[in-house]
Amino acid sequence: MVAQHRPLAVAGRGRGAREIEALIEQRIAASVTTVFSYLVDPTKLVQWMGVSAQIDPRPGGEFRLDVDGEHVAIGQYKLVEPPRRIVFSWGWEGDAEVAPGSTTVEITLTPDGSDTLLRLRHSDLPNEQQRDIHQEGWRMYTARLAELKA
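Put into structure tokens, the structure is as follows:
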């Protein structure tokens with residue numbers, strides 16, 4: 012298992028806007044198809060992240076994940092390309108700083124021999140503090156997924 016996290020704050024999106032994003036790379040000892048199933052099946056999703064999930068993994072479909080019984084992430088799927096890529100909006104219920112749908116998560120799966128390299132990019136975060144919080148959360152959850160499949 013290899014966990015690598017590289018926080019970035021980069022200029023982008025025109026007019027001098029500053030984009031703040033978290034990046035995670037995680038090697039998982041499973042096929043791309045198997046890993047993808049853990050991203051789109053609510054029963055499998057909660058085995059590594061959250062306590063309950065209501066998801067409709069198709070463009071325009073809703074994403075609702077009760078992470079810990081207290082914090083609920085809400086978003087909408089923007090792109091679903093089985094078994095390689097998913098893009099969805101992300102935010103926290105009742106949180107003005109990272110409101111539902113205000114940020115974007117992109118997960119790309121690349122085969123590497125019999126393993127999968129998962130790359131997660133969480134963009135449009137409002138500041139470095141939120142980047143660091145989400146970076147640590149994603150690092151923890153993707154490591155759980157890797158351990159589950161090891």
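Our numbering applies: residue 12 is where the sequence shown begins, and numbers increase by one. Ideal placement from N, C-alpha and C gives every residue a C-beta, glycine not left out. Small disclaimer: the values here were computed from a predicted structure and weren't measured.
Out of curiosity, what's the CA-to-CA distance linking residue i and residue j?
i      : j      : result
Thr114 : Gln146 : 13 Å
Arg132 : Gly148 : 13 Å
Arg95  : Leu50  : 11 Å
Arg130 : Ser100 : 16 Å
Ala110 : Gly102 : 5 Å
Ile39  : Gly124 : 11 Å
Ile118 : Gly86  : 14 Å
Hey, quick one: how far does the beta strand (DSSP E) through residue i stretch, first residue to last?
i      : result
Val62  : Run containing Val62: none; DSSP gives neither H nor E here.
Val91  : Val83 to Glu92
Val109 : Run containing Val109: none; DSSP gives neither H nor E here.
Drop a sphere of 10 angstroms on the beta-carbon of residue i, count the other beta-carbons inside from all chains shown, and report buried for 16 or more, exposed for fewer.
i      : result
Ser134 : buried
Leu159 : exposed
Asp126 : buried
Leu136 : buried
Arg142 : buried
Glu32  : buried
Gly105 : exposed
Gln37  : buried
Val62  : exposed
In terms of DSSP beta bridges, what is residue i paired with?
i      : result
Pro122 : Thr127
Thr153 : Answer is none; Thr153 lacks a bridge partner.
Quick check on the DSSP output: the alpha helix (DSSP H) that includes residue i runs from which residue to which?
i     : result
Gln48 : The sequence as given places Ser at residue 48; Gln does not occur at that position. Counting along the chain, the alpha helix (DSSP H) containing Ser48 begins and ends at Val43 to Val51.
Okay, do the segment 69-81 and the segment 41-50 touch, 3+ Cβ pairs below 8 Å being the bar?
no
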